[in-house]
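Numbering (our numbering), first residue to last: 4 to 58.
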């Protein structure tokens, strides 16, 4: 993890999704926290510039 300031995020996800990411964490040796952070960063990078639908 880098030296950027961090904050805690609690989310509810389906048990199966948690199980799958936990297995990936064990298989890759990457912490669950780092996998989730990387997934969020990748998602945001892929969707940069896209406008959210108007509410």
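Ideal placement from N, C-alpha and C gives every residue a C-beta, glycine not left out.
Item checked: Coil, strand or helix - residue 25 by DSSP -> helix
Item checked: 8 Å CB neighbourhood of residue 38 in its chain, flanking five on each side removed -> For residue 38, where only same-chain residues beyond five positions count, the Cβ hits under 8 Å are 24, 27, 28 and 31.
Checklist line | residue 43, DSSP secondary structure in three states | finding: Looking at residue 43 - three-state DSSP - the assignment turns out to be helix.
Notebook entry, point to check: If you draw a straight line from the C-alpha of residue 14 to the C-alpha of residue 43, how long is it?
Noted result: The straight-line gap from Cα to Cα measures roughly 13 Å.
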